[in-house]
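Right, one structure below, let's go through it.
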Amino acid sequence: INDAVSLLQLYAIVHPDSKVAQYNFSDTNPHDLIQAFIENEARIPDLLNEALRQHVRKTQQAVTSG
């Protein structure tokens, strides 16, 4: 997730006119940043949404299983 946020920060530098460039990277939850990118800029939103959902599910399973 941290790598994804770093990529979004790079995207904001490369594309200063994009919506991503307006994101508040320091005060926003990383998952919310990724979700905002998916909704606003992604060319393959369905695939990215599914990948994010799977990541969240696996993270939650790891936490609950100890």
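Following the numbering used here, the numbering of the sequence shown begins with 3 at its first residue and continues without gaps.
Note that beta-carbon positions come from the ideal geometry of N, C-alpha and C, so glycine has one too.
Cut-off 6 Å between Cβ atoms - residues of its own chain near residue i, not counting five sequence neighbours on either side
i      : result
Ile-3  : Pro-32
Leu-12 : none
Status (buried if at least 16 other CB within 10 Å, exposed otherwise) for residue i
i      : result
Val-22 : buried
Ile-46 : exposed
Residue span of the alpha helix (DSSP H) that contains residue i, given as start and end
i      : result
Gln-11 : 4–16
Cβ neighbours of residue i in the same chain (closer than 8 Å, five flanking residues each side left out)
i      : result
Val-7  : Phe-27, Pro-32, Leu-35, Ile-36
Ile-40 : Pro-47, Leu-50, Asn-51, Leu-54
Interface flag, residue i vs chain D, CB-CB below 8 Å
i      : result
Ile-46 : Of the protein chains in this structure there is only one, and it is not chain D.
Secondary structure, beta strand (DSSP E): runs of 3+ residues fully inside the region 30–57 | none
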